[in-house]
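The opening residue of the sequence shown carries number 8 in my numbering; numbering runs sequentially from there.
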Amino acid sequence: MINALLEAGIFGYINQLPYAVSTNPSVQPKAIFVSALRDKPLAADFDYEVAGQEADFQTGLTALSKIAKTYVGFGDNSALNSKLSTLNLENVEFNIFSGKCPAGNVGVQVNNIDPVNKGEVVWTIGDPTVVLFIGRLFNTGKVDLKRTVALCGSEIKNPAYVDMLVGEELSTLLSNSYDAGKSVRIINGNVLTGKPTTKDSFLGAHSSEITVIPEGNDADEMLGWILPRFKQFSVNRSYFSWLCGKKDYALDARIKGGERHIIMSGEYDKVLPMDIYGEYLIKAIISGDIDRQEALGIYEVSPEDFALAEFVDSSKLELQRIVREGLNILRKENA
């Protein structure tokens, strides 16, 4: 099973915890976790993508379950879960997660089902399309990396789903899809964890969205971000826009404020549904205290788990970068 995935070049899609890196095929995992819940902003609906391909998804899960017990996380309104839960797949367990982002993060699901302890390894698939890739391989004998991508963002004229191949050029997709005269941020992926790119780049291996939002570098505002206002979004009600009730906002790529000392405010805990103390873990990583990092649960996290915390962070810290650097150092120490 593993050899077939290696020969097809698909095994590299499987990551592991701890360290949130590509896994070693020679290491037996205690379990495999698959998240079929996409809940990040403007995320592509996996139920829409998998429609008509349920047999491939089932085959992919069956193949993974031959390696280790496989846990699959669905949203509470998933049509795919309703179809698969009646099949009683051997060595596969389905779990329902409700609530807002980041419930769909595979790390959050691992933490709530079977946390990773020191010395343990679990394999993770945070992109459910990978299970389709695996299923197509065993059903047809061919490598088929076609996926359905959401073209989205406030600057896109006509948001749509588009079938693309991994590595396909973005230029044809983005041609005339937004106002070329505006300064925009093109993101390979979603706004929380995606990477800035250009229209001459290519579809990323894990990208289920191509997002286009305003860059914000052409904004000319009196007194900058500090001026009280009614038409801009703020998590902590720094602006008066919260008085106007729920409304849609066209957020741009600006940080709106400079990096400052970390504030122990409990902000991370509000958006991090894991049994860890996020702020204390970040401080331990910054200070290089490896023993404290281990005690605070660094083996259970990946950078994407802190993406929403980074968005709400009053200190404007690059939390995903900090977590990535901490995991890299810990991996080197334990090598």
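All residues carry an ideal CB built from backbone N, CA and C; glycine is no exception. Computed from a predicted structure; not experimentally measured.
| query | So what's glycine 333 in DSSP terms, helix, strand or just coil? | reply | helix
| query | Do valine 222 and cysteine 159 have their C-beta atoms closer together than 7 Å? | reply | Contrary to the premise, residue 222 reads as glutamate rather than valine in this sequence. Contact flag unset, no.
| query | Which whole-angstrom value describes the C-beta separation of glycine 111 and leucine 24, a residue pair presumed to lie in contact below a C-beta threshold of 8 Å? | reply | So it is not a contact: roughly 16 Å between Cβ atoms.
| request: Identify the continuous beta strand (DSSP E) that holds valine 79 and give its terminal residues. | output: 77–82
| field | DSSP state of serine 29 mapped onto helix, strand, coil | value | strand
| request: Using the DSSP secondary-structure output, state which residues sit across from glutamate 175 in a beta bridge. | output: Bridge partners of glutamate 175 according to DSSP: none are assigned.
| message | So, under 8 Å CB-CB, asparagine 88 and isoleucine 103 are touching, yes? Tell me the CB distance rounded to an integer number of Å. | response | 7 Å
| DSSP state of threonine 155, grouped into three classes? | Look at threonine 155 here: in three-state DSSP terms it is strand.
| request: Sort Ala187, Arg154, Tyr185 by Cα distance to methionine 171 and report the nearest one. | output: Arg154
| query | According to the Cβ coordinates, are leucine 139 and phenylalanine 64 closer than 7 Å? | reply | Yes. Within cutoff.
| request: Give a yes or no on contact between the segment 78–94 and the segment 266–279, applying the rule of three or more CB pairs nearer than 8 Å. | output: no
| query | Is DSSP giving valine 319 helix, strand or coil here? | reply | helix
| query | Going straight from the alpha carbon of valine 278 to that of valine 129, what length do you get? | reply | 24 Å
| said: In the DSSP assignment, the beta strand (DSSP E) including lysine 202 goes from what residue to what residue? | reply: 202–204
| said: Using only the alpha-carbon positions, how far apart do valine 137 and lysine 47 sit? | reply: Between valine 137 and lysine 47, the alpha-carbon positions lie close to 18 Å from each other.
| message | Tell me whether the segment 292–306 and the segment 117–126 touch, counting them as touching only if at least three CB pairs, one residue from each stretch, are closer than 8 Å. | response | yes
| message | Taking the alpha-carbon of isoleucine 297 as reference, which of Glu332, Lys206, Asn146, Gln239 has the nearest alpha-carbon? | response | Glu332
| query | Which word fits methionine 281, buried or exposed, when buried means at least 16 other C-beta atoms lie within 10 angstroms of its C-beta? | reply | buried
| Smallest Cα separation from leucine 199: which of Ser182, Ala260, Asp207? | Ala260
| said: The beta strand (DSSP E) that contains arginine 192, what's its start and end? | reply: 191–195
| If we ignore side chains and look at the alpha-carbon of each, how far apart do arginine 244 and lysine 76 end up? | 45 Å
| field | Backbone CA spacing between phenylalanine 40 and valine 28 [nearest angstrom] | value | 14 Å
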